[in-house]
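The structure under discussion appears below in the form of C-alpha coordinates.
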Amino acid sequence: MQLGVLLTRLSDESDAAVALDALGDLVLLAEIQAMGEQHDETPGEYVANASRRYAAQAGDEDWLALMTAIERADDPGRVVLGKMLRWALARDAAPAPAAGGCACGSGGCDEHR
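Next up, the structure:
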(Lines of atoms letter the chains of each structure in order from A and count residues from 1; the text may use other names and numbers.)
(Lines give C-alpha, C1' and ligand atoms only; values in the text may rest on other atoms or scores of the structure.)
Protein backbone atom coordinates (compact mmCIF):
# COMPACT_ATOMS: atom_id res chain seq x y z
CA MET A 1 0.00 0.00 0.00
CA GLN A 2 1.34 3.43 -0.89
CA LEU A 3 1.86 6.00 1.85
CA GLY A 4 -0.70 8.42 0.38
CA VAL A 5 -3.34 5.70 0.28
CA LEU A 6 -2.57 4.74 3.88
CA LEU A 7 -2.86 8.35 5.05
CA THR A 8 -6.17 8.70 3.22
CA ARG A 9 -7.49 5.50 4.79
CA LEU A 10 -6.35 6.58 8.26
CA SER A 11 -8.30 9.83 7.92
CA ASP A 12 -11.48 7.73 8.16
CA GLU A 13 -12.22 7.07 11.84
CA SER A 14 -13.56 3.55 11.33
CA ASP A 15 -10.58 2.53 9.17
CA ALA A 16 -8.26 4.12 11.73
CA ALA A 17 -9.86 2.13 14.56
CA VAL A 18 -9.50 -1.11 12.59
CA ALA A 19 -5.84 -0.31 11.87
CA LEU A 20 -5.21 0.38 15.56
CA ASP A 21 -6.78 -2.94 16.54
CA ALA A 22 -4.71 -4.72 13.88
CA LEU A 23 -1.49 -3.46 15.48
CA GLY A 24 -2.21 -5.67 18.47
CA ASP A 25 -0.19 -3.39 20.76
CA LEU A 26 -2.19 -3.27 23.99
CA VAL A 27 0.10 -0.72 25.63
CA LEU A 28 -0.22 1.64 22.66
CA LEU A 29 -3.99 1.10 22.61
CA ALA A 30 -4.23 2.01 26.31
CA GLU A 31 -2.13 5.15 25.77
CA ILE A 32 -4.33 6.19 22.86
CA GLN A 33 -7.51 5.57 24.82
CA ALA A 34 -6.19 7.68 27.71
CA MET A 35 -4.98 10.52 25.48
CA GLY A 36 -8.15 10.37 23.41
CA GLU A 37 -10.25 10.78 26.56
CA GLN A 38 -8.26 13.90 27.45
CA HIS A 39 -9.13 15.33 24.04
CA ASP A 40 -12.70 14.03 24.01
CA GLU A 41 -11.94 11.63 21.14
CA THR A 42 -12.61 7.95 20.55
CA PRO A 43 -9.54 5.86 19.74
CA GLY A 44 -10.51 5.94 16.05
CA GLU A 45 -10.85 9.73 16.13
CA TYR A 46 -7.51 10.08 17.89
CA VAL A 47 -5.76 7.87 15.32
CA ALA A 48 -7.36 9.73 12.41
CA ASN A 49 -6.44 13.12 13.86
CA ALA A 50 -2.93 11.95 14.78
CA SER A 51 -2.25 10.85 11.21
CA ARG A 52 -3.53 14.20 9.91
CA ARG A 53 -1.35 16.12 12.37
CA TYR A 54 1.69 14.06 11.44
CA ALA A 55 1.12 14.70 7.74
CA ALA A 56 0.74 18.44 8.35
CA GLN A 57 3.20 19.11 11.19
CA ALA A 58 5.97 16.50 11.29
CA GLY A 59 9.39 17.88 10.58
CA ASP A 60 11.88 16.77 7.96
CA GLU A 61 13.73 14.59 10.48
CA ASP A 62 10.49 12.84 11.43
CA TRP A 63 9.73 12.10 7.79
CA LEU A 64 13.28 10.91 7.11
CA ALA A 65 13.10 8.55 10.10
CA LEU A 66 9.73 7.28 8.87
CA MET A 67 11.01 6.66 5.33
CA THR A 68 14.06 4.85 6.68
CA ALA A 69 11.88 2.66 8.91
CA ILE A 70 9.54 1.90 6.00
CA GLU A 71 12.48 0.84 3.84
CA ARG A 72 13.65 -1.65 6.48
CA ALA A 73 10.25 -2.95 7.59
CA ASP A 74 8.60 -6.25 6.79
CA ASP A 75 5.23 -4.56 7.36
CA PRO A 76 5.54 -0.88 6.35
CA GLY A 77 1.92 -0.04 7.21
CA ARG A 78 2.41 -1.18 10.79
CA VAL A 79 5.59 0.89 11.05
CA VAL A 80 3.92 4.01 9.66
CA LEU A 81 0.98 3.80 12.03
CA GLY A 82 3.15 3.06 15.05
CA LYS A 83 5.56 5.92 14.37
CA MET A 84 2.77 8.42 13.69
CA LEU A 85 0.92 7.47 16.84
CA ARG A 86 3.99 7.58 19.07
CA TRP A 87 4.90 10.98 17.57
CA ALA A 88 1.39 12.30 18.29
CA LEU A 89 1.34 10.87 21.81
CA ALA A 90 4.71 12.46 22.60
CA ARG A 91 3.56 15.85 21.33
CA ASP A 92 0.24 15.63 23.16
CA ALA A 93 1.95 14.63 26.41
CA ALA A 94 4.51 17.45 26.26
CA PRO A 95 3.78 20.47 28.43
CA ALA A 96 2.44 23.50 26.60
CA PRO A 97 5.07 26.18 26.04
CA ALA A 98 4.89 29.17 28.34
CA ALA A 99 3.17 32.07 26.63
CA GLY A 100 4.33 35.66 26.76
CA GLY A 101 2.26 38.41 28.31
CA CYS A 102 0.72 39.62 25.06
CA ALA A 103 -2.27 38.38 23.12
CA CYS A 104 -0.10 36.70 20.49
CA GLY A 105 0.77 34.01 23.04
CA SER A 106 4.34 33.49 21.92
CA GLY A 107 6.03 36.84 22.20
CA GLY A 108 6.13 37.07 18.41
CA CYS A 109 4.29 40.36 18.05
CA ASP A 110 5.93 43.71 17.27
CA GLU A 111 6.18 44.58 20.95
CA HIS A 112 8.56 41.66 21.53
CA ARG A 113 11.05 42.26 18.72
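Going by the numbering used here, the first residue of the sequence shown is number 1, and it counts up by one from there.
Ideal Cβ positions, reconstructed from N, Cα and C, are used throughout, including at glycine.
Put simply, the stretch 1 to 19 touches the stretch 78 to 88. At least three CB pairs are less than 8 Å apart. In this structure, residue 11 sits near residue 48, with a CB-CB distance shorter than 7 Å. Across the structure, residue 93 and residue 64 are spaced so that their CA atoms are roughly 23 Å apart. The alpha-carbon separation between residue 74 and residue 39 amounts to approximately 33 Å. DSSP places residue 11 outside both helix and strand once states are collapsed to three, so it counts as coil.
Put simply, the backbone Cα of residue 53 is about 10 Å away from that of residue 46. Taking the C-beta atoms as reference points, residue 36 is found no nearer than 7 Å to residue 16. Shown here, residue 76 sits in a helix according to DSSP, grouped into three states.
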